[in-house]
Amino acid sequence: MTEDNKIIPLMLLQHSDSAFPSGSVSFSWGLETLVNRGMVTKADDVQAFLNAHLIARWASLDRVILVHAHQSWSDPDRLSWLDTLTEVQSLSAEQRQGSKLMGAAMLQMHCKLGTKTARELSAGISKGRLYGHVPVVQGVLWRALNFDSYQAQSMAAHGLVTSILSAAVRLSVIGHADAQRIHSAFLPAVVAALQEPVLEPEEAHSFTPQIEIASMMHEMDEMRLFMN
Amino acid sequence: MNDKDLRTQTTSGSQKSAARVGIGGPVGSGKTALIECLIPDLVSRGIEVAVVTNDLVTKEDAKRLQNSGLISPDRVLPVEAGACPHTIIREDPSLNIAAADNLNASFPELDVIFIESGGDNLASTFSLDLVDYWMFVIDTGAGDDIPRKKGPGIIRSDLLVVNKIDIGPYVGANVDLIKQEAVEVRNHRPTLLTDCKRKIGIDALVDQLIQDVLFTDV
């Protein structure tokens, strides 16, 4: 194993750790509304919510965009197109905005770390050539750090799972031990999602109507801990 | 180039970045009331201000400032804390940095951006990647033993503000003792007393900010 190869696993842990600043602490991705309205009340509900997010949104949209952005990390025109696809596939404003805010937060950190391509990507957003959705930013930056596609997908899926479970704990719908039980039980579903053939960008889609409606309702909620 | 244009340029010719001032402290200590007092005083001295609020559960503080008539509503940006007021000003302040960057880009003439933390406890501190300077606000209603508890907010802040000195006598809190012990535990770093209702101590607070943050003579 070369020195570079030895450091990659540690870098994977660093960049997928919840301690890595990504803004994710402020997002519930629709869960808060469903909890506040009594539609998610127990561990099974949280697992079902997680499953919907993973299968019907992340695997069929974010993962697809991430993989193609990872492949095309040095092609600004294609990245812009992939970014636009993400924008138009995100129905509710808060889901759209959340994806862009997380992308911007991640990019901001990588600019400070001096990650290759981070400044170019940031300039593209400032000049209006890119929206900066999180799967595009993840694909490009993690490719720049020499993470392979499977590693990048695993990190993104891990981030989604930990972010939603952490939100569920803070919303007091599950306890910390429940969160770890759900996480462990959920790993085969993550692996299965990662084994599926990757769709072409034109085929990327999401279908999570309850979550989209919850996100729209969240915009008008008075009591809200999370940004979405 | 007019005066305003000149103020938005640094000596190197690049666009200036407003100083970022954190305001932390327990729930109900008067952080928002303090900002409401600071804004008109700063504005009267020609200082351009914007605010990022970190409401814990609602957008109460953001709405209160936006509807105050003291500041243009689009100069107030709310950031929700995800129930973690500590985290979004310290371990992961990325969304607050992004909000401040947005304000800076929208209003290049800004001199100061206040970042008001969601109500927290005495252990709350700001990331120095987020703010250039931070103050911690306590109030006499919480008791006169607060400085003796020596939380990081009390000890490490650049400026400690003891607010609501008007109610101290009514809740059995010795304001002089609070001041004396605060000065001692802070090793004589700045501690100021304020009463937002009667605007007592506000001028001194603004003088301190101008001196410490904007580096200009009062």
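So the sequences go chain by chain: Y and C. Mapping to my numbering: the first sequence position 24 is 24, numbers consecutive. Count along the second sequence from 1, then add 1000; that gives the number in my numbering. Built from N, CA and C at the ideal position, the CB exists for glycine as well.
Cross-chain neighbours of SER1017/C in chain Y, by beta carbon under 9 Å: Residues of chain Y whose Cβ lies closer than 9 Å to the Cβ of SER1017/C do not exist, since the nearest Cβ in that chain is about 14 Å away.
Contact with chain C by VAL25/Y, beta-carbon distance below 7 Å: Cβ-Cβ to chain C under 7 Å: yes for VAL25/Y.
Closer than 6 Å: PHE147/Y CB and nearest the ligand ZN heavy atom: In the structure on display, the ligand ZN does not appear, and there are no ligands present to speak of.
Outcome for LEU1205/C when other beta-carbon atoms lying within 10 angstroms are tallied against a minimum of 16: Buried is the label assigned to LEU1205/C, since at least 16 other Cβ atoms lie within 10 Å of its Cβ.
Residue interval of the alpha helix (DSSP H) (run including ILE1071/C): Element bounds for ILE1071/C: n/a, residue is neither H nor E.
Chain Y contact for GLU1080/C (CB, 7 Å cutoff): Yes, its Cβ sits closer than 7 Å to a Cβ of chain Y.
The alpha helix (DSSP H) enclosing LEU82/Y, as first and last residue numbers: Segment 76-88, the alpha helix (DSSP H) holding LEU82/Y.
Residues near LEU107/Y in its chain [Cβ-Cβ closer than 7 Å; skip 5 each side]: Within the same chain, LEU107/Y has close Cβ partners ALA118, LEU121, SER122, GLY132 and VAL137.
Span separating the alpha-carbon of GLN1009/C from that of PRO1147/C: Any reading at GLN1009/C needs caution, since the residue's pLDDT is 44, under 50, leaving its predicted position unreliable; the model's value is listed next. Between GLN1009/C and PRO1147/C, the C-alpha separation is close to 41 Å.
Buried/exposed call for ASP1005/C, threshold 16 Cβ in 10 Å: With a pLDDT of only 44 at ASP1005/C, under the threshold of 50, the placement of this residue in the model should not be trusted; the figure read from the coordinates follows. ASP1005/C comes out exposed.
Listed by chain order, chain Y residues near ILE1088/C by CB distance under 9 Å: Neighbourhood of ILE1088/C in chain Y, by CB distance below 9 Å: GLY23, VAL25 and SER26, in chain order.
Short-range partners of chain C found in the region 212-226 of chain Y, where Cβ spacing is below 8 Å: For the region 212-226 of chain Y, which is checked against every Cβ of chain C, the residues closer than 8 Å are GLU222, MET223, ARG224, LEU225 and PHE226.
Residues of the region 1178-1211 of chain C whose Cβ lies closer than 8 Å to any Cβ of chain Y, in chain order: Going along the region 1178-1211 of chain C in chain order, one finds no residue with a Cβ nearer than 8 Å to chain Y.
Meets three-Cβ-pair contact criterion under 8 Å: the region 1085-1101 of chain C and the region 1135-1151 of chain C: The region 1085-1101 of chain C vs the region 1135-1151 of chain C: no contact.
Sequence-distant residues of its chain with Cβ nearer than 6 Å to GLY1013/C (five each side left out): Low confidence applies to GLY1013/C: its pLDDT is 45, below 50, so where it sits in the model is not reliable, and the reading given next is rough at best. Excluding positions up to five away in sequence, the list is empty.
Neighbouring residues, chain A, relative to ILE1155/C (Cβ below 7 Å): In the displayed structure, chain A is absent; the protein chains listed are Y and C.
Proximal residues to SER1117/C (C-beta, below 8 Å), its chain only, five neighbours per side dropped: Spatial neighbours of SER1117/C in its own chain (CB-CB distance under 8 Å, excluding positions within 5 residues in sequence) are listed in chain order as GLY1022, ILE1023, GLY1024, GLY1025, LYS1031, ASN1054, PRO1085, ILE1089, SER1124 and PHE1126.
Endpoints, the beta strand (DSSP E) within which MET1135/C is located: Unbroken beta strand (DSSP E) run through MET1135/C: 1133-1139.
N-terminal and C-terminal residue of the alpha helix (DSSP H) that PRO1078/C is part of: That residue, PRO1078/C, is in no alpha helix (DSSP H); its beta strand (DSSP E) goes 1076-1078.
CA-to-CA distance, ASP178/Y to GLY128/Y, given in whole angstroms: One C-alpha to the other measures close to 43 Å.
Boundaries of the alpha helix (DSSP H) in which ALA1018/C is found, first to last residue: No alpha helix (DSSP H) contains ALA1018/C, which DSSP labels as neither H nor E.
8 Å Cβ cut-off: residues of chain Y touching ILE1115/C: Here the premise fails: no neighbours, minimum Cβ distance about 14 Å.
Residue-chain proximity (ASP1092/C, chain Y), Cβ-Cβ < 7 Å: Judged by the 7 Å Cβ criterion, ASP1092/C is in contact with chain Y.
Chain C contact for SER16/Y (CB, 7 Å cutoff): By this cut-off, SER16/Y is not an interface position.
Stretch-stretch touch, CB-based, cutoff 8 Å, three pairs: the region 1177-1196 of chain C with the region 1159-1168 of chain C: Judged by Cβ distances under 8 Å, the region 1177-1196 of chain C makes contact with the region 1159-1168 of chain C, as three or more pairs qualify.
Per-residue DSSP class, three states only, for ILE1165/C: DSSP, read as helix, strand or coil, puts ILE1165/C in coil.
DSSP beta-bridge partners of PRO1040/C: According to DSSP, PRO1040/C bridges with nothing at all.
ARG170/Y at chain C interface by Cβ criterion, 7 Å: Contact with chain C is found for ARG170/Y, since one of that chain's Cβ atoms lies less than 7 Å from the residue's Cβ.
Exposure label - PRO1093/C; buried when at least 16 CB within 10 Å: Looking at its Cβ environment, which holds 16 or more other Cβ atoms inside 10 Å, PRO1093/C is buried.
Which listed residue (ASP1129/C, ASN1102/C and ILE1115/C) has its alpha carbon closest to that of LYS112/Y: Check the Cα spacing between LYS112/Y and each of ASP1129/C, ASN1102/C and ILE1115/C: the tightest is with ASP1129/C.
Test item: CB-CB of GLU212/Y and LEU91/Y under 7 Å: Result yes, Cβ atoms of GLU212/Y and LEU91/Y sit closer than 7 Å.
Three-state secondary structure (DSSP) of PHE186/Y: In the structure shown, PHE186/Y sits in a helix (DSSP, three-state: H, G or I).
LEU1095/C: contacting residues in chain Y (beta-carbon distance under 8 Å): By Cβ distance, chain Y contributes GLY23, SER26, LEU101, ALA105 and MET227.
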